[in-house]
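J.:
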Amino acid sequence: MDTASPSPASGRSPDGRDDVDAPTSSTGPTADEGAPGDAVPAAETPAPAQQPARLSEMLRRSAQGDQASFAAFYNATADVIYGLAILMHDDADGAQSSTVAVFQQLWDQAGERARDLRLQTQTSRELAGEHEAEAVQEREYETVLEWLVPLAHRIMVERFREGTSSPISLVALPPAEGGGIAGLPEEIIDDLMPLSDSQSQAIALSYLAGGTHQQLGTALESSIPAVKSRLRDGLTRLHQRARGSTPETDPILRAAVTERDVQRGTGVNRNFTEEIAEDLRKGLLVELAEVYALDAVDDHDRALLDEAALTADTDTAQQWDLRVLAARRTLAEIFTAHSTVPPRYLLEEVLHTLHGQEVGMGMVEEFSEHTEETIKREPLMKRWMIIAGLVVVLLAAGLLIWRFTIGQDVQAIADDDPEAETVDGIELAEGGTARAVISLEENVGYVDFTDVGSLEDSMTYQLWLLPSDQTPPSSLGNFSPDELEDDVVSLRNLDRYGTFLVTAEEIEGGERPTGETIMELPVTERITDGPQYGGSSDSEDE
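Spelled out as structure tokens, the structure:
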């Protein structure tokens with residue numbers, strides 16, 4: 012199997028031809044450049060250079076049934092898509108089948124995809140114009156890859172979840188075995204080095220193996236809020252490393268968690284909850300951009316996020332677009348840097364399976380410039396999403412009722428258990444009390460805080476569930492005193508954990524408790540009667 016030398020930002024022309032006489036460049040040629048290597052006699056007036064067909068034009072012609080244009084589009088981009096497929100799949104046969112599936116869908120939905128490409132190109136130019144004013148405007152080849160790679164990734168992930176193909180086998184190693192993740196492709200090990208073990212595990216299992224954030228919670232034995240935080244913060248760190256960016260100049264960092272966020276009274280509460288719907292009600296749409304870009308959501312949650320982005324106010328929608336695009340750009344740079352030329356017969360297989368009789372039937376829509384400027388942004392749609400949409404409609408009513416009462420569900424379950432243990436008057440080390448109700452039978456519980464003491468301005472309370480073994484703790488988020496008093500903390504899956512812990516932390520979003528212990532409570536054994544604070548004492552053990 013041959014490995015192509017150019018990366019996604021290689022010097023190939025947009026139609027996929029390799030011009031050996033052309034100078035090496037880090038980007039593909041623009042649509043305005045002539046064919047590279049064409050010498051023009053100095054004494055003669057040069058004839059207009061024949062410009063290569065644009066990739067977007069190839070896609071538009073494909074929607075009209077032009078197989079030659081589609082083959083040219085395949086030749087220009089297949090090495091990048093196949094290289095990504097090799098990284099993601101357990102075997103070469105699966106990678107080849109998924110590559111064929113990607114281009115089959117491009118053919119079947121070429122008109123819709125051509126429109127999507129035009130809309131994303133406009134967004135990409137707005138991003139470059141506003142935040143990269145000193146940079147050269149992106150060339151078409153890179154812009155197309157920014158659109159095509161996420162589409163291909165989503166198709167491959169869907170095949171994993173349907174059982175059509177098998178993802179790469181990755182195993183998260185516990186700290187006792189050195190941490191990190193086993194089975195990671197050598198090509199990307201260095202790219203993930205800036206991440207903590209838990210962040211690299213979450214990103215690899217989601218992007219390469221196609222896991223949802225719920226599946227990651229089970230695989231990593233971590234809480235759902237902690238998994239979403241690791242995906243967001245890990246991708247933010249990768250983006251910062253790749254760009255050398257600062258929060259003042261970069262869209263993905265401007266709304267990311269920073270040390271400034273821990274300043275009480277000025278910070279934004281970016282703590283995730285167990286459910287995407289609840290996160291959206293808390294106003295965390297933009298904070299979920301990285302989780303969305305990683306495709307770490309199932310069909311239902313993707314539909315919720317798409318709808319929230321469509322109905323958001325202008326500023327929020329713009330921040331969402333910028334964060335998603337910036338995150339996808341970073342992912343594409345890391346995971347498609349090692350493009351691989353697919354076997355020659357793959358193109359023949361793609362062309363052989365094209366549904367020629369269905370091509371161009373009402374698929375091409377021409378939009379004027381005025382329409383593109385004023386039309387409401389639409390989410391990318393696939394045929395399977397129509398089916399998913401019908402399911403969402405059927406579930407919507409029940410979902411709304413269920414979500415309005417979700418905050419009371421855990422409390423009601425715990426309170427209804429006659430064997431549940433209740434402890435009142437648990438004293439906090441910095442002042443205040445807590446009331447805990449733990450139901451071992453139902454595997455849930457909750458903690459209610461009252462009169463929580465103030466901390467220094469740079470500190471927040473961080474809540475944890477500590478496993479009984481050596482696996483990493485799960486963070487339930489950082490809270491100000493007022494937030495702790497306002498929220499009843501729900502505890503689920505208690506059989507995985509041994510202790511509920513509250514600490515005072517200087518930096519928000521830490522992965523392990525490092526600050527002063529404010530409260531400690533066992534959750535999988537009988538609770539010691541009476542107040543507890545600052546951890547269990549020797550006398551209590553006696």
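Residues in the sequence shown are numbered from 12 upward in steps of one, following the numbering used here.
Note that the Cβ used here is the ideal one computed from N, Cα and C, for glycine as well.
Since this is a predicted model, take the numbers as computed values, not measurements.
1. Between which residues of its own chain and VAL182 is the CB-CB distance below 8 Å, once the five residues before and five after are set aside?
2. Suppose you measure from the CA of ASP77 to the CA of GLN107; what does that come to, to the nearest Å?
3. Distance check for VAL500 and PHE114, CA to CA, integer angstroms please.
4. For the pair the segment 80–91 and the segment 156–169, tell me if three or more CB-CB distances fall below 8 Å.
5. Give me the Cα-Cα distance between GLN75 and ALA87, rounded to the nearest whole angstrom.
6. Can you find the residues in the same chain that come closer than 8 Å, C-beta to C-beta, to LEU98, ignoring five residues on each side of it along the sequence?
7. What runs of the alpha helix (DSSP H), each 4 residues or longer, lie entirely inside the segment 462–503?
8. Over what stretch of residues does the alpha helix (DSSP H) that includes MET99 continue unbroken?
9. Beta strand (DSSP E) containing SER240: first to last residue?
10. So does the segment 480–497 actually touch the segment 418–429, counting three or more Cβ pairs closer than 8 Å?
11. Answer with buried or exposed for LEU246, where buried requires no fewer than 16 other C-beta atoms within 10 angstroms of its C-beta.
12. If distances are taken between C-alpha atoms only, which option among GLY228, ASN454 and LEU466 comes closest to VAL308?
13. Take THR327 as the anchor and find which of ALA338, GLU298, GLU344 and ARG241 has the nearest alpha-carbon.
14. Name the residue from SER465, GLU522 and GLU516 whose alpha carbon lies nearest to the alpha carbon of LEU477.
15. Evaluate contact between the segment 523–535 and the segment 437–451, counting only Cβ atoms and requiring at least three cross-stretch pairs below 8 Å.
16. Which residue from ALA445, THR525 and GLU430 puts its Cα closest to that of THR471?
17. In whole angstroms, what separates the C-alpha of LEU231 from that of SER176?
18. Find the nearest neighbour of ASN504 within the set ASP480, SER234 and LEU184, judged by alpha-carbon distance.
19. Less than 8 Å between the CB atoms is what I'm expecting for LEU242 and SER217, so what's the real figure, rounded?
20. Here's the rule: buried if 16 or more other CB atoms are within 10 angstroms of the residue's CB, otherwise exposed. What is VAL534?
21. Got a sec, what are the start and stop residues for the alpha helix (DSSP H) GLU318 sits in?
22. Give me the Cα-Cα distance between ALA215 and LEU296, rounded to the nearest whole angstrom.
23. Evaluate THR461 with the Cβ neighbour count: other Cβ atoms within 10 Å of its Cβ, from every protein chain shown; 16 or more gives buried, anything less gives exposed.
24. Tell me where the beta strand (DSSP E) around ALA345 begins and ends.
25. Note down, in chain order, each residue of its chain lying with its Cβ closer than 7 Å to the Cβ of TYR457, except the 5 sequence neighbours on either side.
26. Expressed to the nearest angstrom, what Euclidean distance is found between the alpha-carbon atoms of SER37 and ARG252?
27. For ASP552, which of helix, strand or coil comes out of DSSP?
28. Starting from THR364, trace the alpha helix (DSSP H) in both directions and tell me its first and last residue.
29. Just checking my contact of THR341 with HIS250 at CB under 8 Å: how many whole Å lie between their CB atoms?
30. Quick one: grab the DSSP three-state call for ILE214.
31. My output table needs one value for GLY595: the three-state DSSP class, helix, strand or coil.
32. Three-state secondary structure (DSSP) at THR433?
33. Leaving aside the five residues before and after ARG507 along the sequence, list all residues of the same chain whose C-beta is less than 7 Å from its C-beta, in chain order.
34. In three-state terms, what does DSSP make of ALA307?
35. Starting from ILE449, trace the beta strand (DSSP E) in both directions and tell me its first and last residue.
36. Would a C-beta distance cut-off of 8 Å place TYR303 and VAL352 closer than the cut-off?
T.: Considering the structure as presented:
1. Looking up residue 182 in the sequence shown gives position 171. Answer for VAL182: ILE192, ALA193 and GLY194, listed in chain order.
2. Taking the first residue of the sequence shown as position 1, residue 77 is located at position 66. Taking the first residue of the sequence shown as position 1, residue 107 is located at position 96. When rounded, the distance between both Cα atoms is 23 Å.
3. As a working mapping, residue 114 is identified with position 103 in the sequence shown. As a working mapping, residue 500 is identified with position 489 in the sequence shown. The straight-line gap from Cα to Cα measures roughly 47 Å.
4. yes
5. Your numbering for residue 75 matches position 64 in the sequence shown. Your numbering for residue 87 matches position 76 in the sequence shown. So the alpha carbons of these two residues sit roughly 19 Å apart.
6. As a working mapping, residue 98 is identified with position 87 in the sequence shown. Same-chain partners within the cutoff: ILE179, PRO196, GLU198, ILE199, LEU219, PHE346 and HIS349.
7. Runs found: 492–497.
8. Counting from 1 along the sequence shown, the entry for residue 99 is found at position 88. Where MET99 is concerned, the enclosing alpha helix (DSSP H) stretches over 78–99.
9. The residue given as residue 240 occupies position 229 in the sequence shown. Element bounds for SER240: not the beta strand (DSSP E) but the alpha helix (DSSP H), 235–254.
10. no
11. Position 235 of the sequence shown, counting from 1, holds the residue named residue 246. Looking at its Cβ environment, which holds 16 or more other Cβ atoms inside 10 Å, LEU246 is buried.
12. In the sequence shown, residue 308 corresponds to position 297, counting from 1. Comparing Cα positions, the closest option is GLY228.
13. Position 316 of the sequence shown, counting from 1, holds the residue named residue 327. The shortest Cα separation from THR327 among ALA338, GLU298, GLU344 and ARG241 belongs to GLU298.
14. The sequence position of residue 477 within the sequence shown is 466, counting from 1. Among SER465, GLU522 and GLU516, the Cα nearest to that of LEU477 is on GLU522.
15. yes
16. Within the sequence shown, numbered from 1, the residue matching residue 471 stands at position 460. The shortest C-alpha separation from THR471 is found at THR525.
17. As a position in the sequence shown, residue 231 is number 220, starting the count at 1. As a position in the sequence shown, residue 176 is number 165, starting the count at 1. If you take the alpha carbons of LEU231 and SER176, they lie about 23 Å apart.
18. Counting from one through the sequence shown, the residue named residue 504 turns up at place 493. Distance check between ASN504 and each of ASP480, SER234 and LEU184 places SER234 closest, using alpha-carbon atoms only.
19. Here residue 242 refers to the residue found at position 231 of the sequence shown. Here residue 217 refers to the residue found at position 206 of the sequence shown. 6 Å between Cβ atoms; contact.
20. In the sequence shown, the residue the question calls residue 534 occupies position 523. Counting Cβ neighbours within 10 Å, VAL534 comes out buried, since at least 16 surround it.
21. Position 307 of the sequence shown, counted from the start, is the residue given in the question as residue 318. Start and end: 310–322.
22. As a position in the sequence shown, residue 215 is number 204, starting the count at 1. As a position in the sequence shown, residue 296 is number 285, starting the count at 1. Roughly 23 Å separates the two Cα atoms.
23. Position 450 of the sequence shown holds residue 461. THR461 comes out exposed.
24. The residue you call residue 345 lines up with position 334 of the sequence shown. A small correction: the amino acid at residue 345 is Ile; Ala does not occupy that position in the sequence shown. Run containing ILE345: none in the beta strand (DSSP E); it sits in the alpha helix (DSSP H), 325–346.
25. Counted from its first residue, the sequence shown places residue 457 at position 446. If we look at TYR457 and ignore the five residues flanking it on each side, its Cβ neighbours are VAL421, GLN422, ALA425, VAL448, VAL499, VAL500, SER501 and LEU502.
26. Numbered from 1 along the sequence shown, position 26 holds the residue referred to as residue 37. Numbered from 1 along the sequence shown, position 241 holds the residue referred to as residue 252. Residue placement at SER37 is poorly supported in this model, since its pLDDT is 37, which falls under 50; the coordinates are not used for a value here.
27. In the sequence shown, the residue the question calls residue 552 occupies position 541. Confidence is the limiting factor: at ASP552 the pLDDT is only 40, short of 50, which leaves the residue's position unreliable, though a coordinate-based value still follows. Reduced to three states, the DSSP call for ASP552 is helix.
28. Within the sequence shown, residue 364 is the residue found at index 353, counting from 1. Run containing THR364: none; DSSP gives neither H nor E here.
29. As a position in the sequence shown, residue 341 is number 330, starting the count at 1. As a position in the sequence shown, residue 250 is number 239, starting the count at 1. That pair is a contact at about 4 Å.
30. Along the sequence shown, one-based indexing puts residue 214 at 203. Helix at ILE214.
31. Lying outside 12 to 553, the shown extent of the chain, residue 595 is not represented and no answer is given.
32. As a working mapping, residue 433 is identified with position 422 in the sequence shown. Note: THR433 maps to strand in three-state DSSP.
33. Reading the sequence shown from its first residue, position 496 is the one you call residue 507. Taken in chain order, the residues that qualify are GLU232 and PRO478.
34. Residue numbering aside, residue 307 sits at position 296 when the sequence shown is read from its first letter. Of the three classes helix, strand and coil, the one that applies to ALA307 here is coil, per DSSP.
35. Looking up residue 449 in the sequence shown gives position 438. For ILE449, the enclosing beta strand (DSSP E) covers residues 444–450.
36. One-based indexing of the sequence shown puts residue 303 at position 292. One-based indexing of the sequence shown puts residue 352 at position 341. Not in contact: TYR303 and VAL352 (Cβ atoms no closer than 8 Å).
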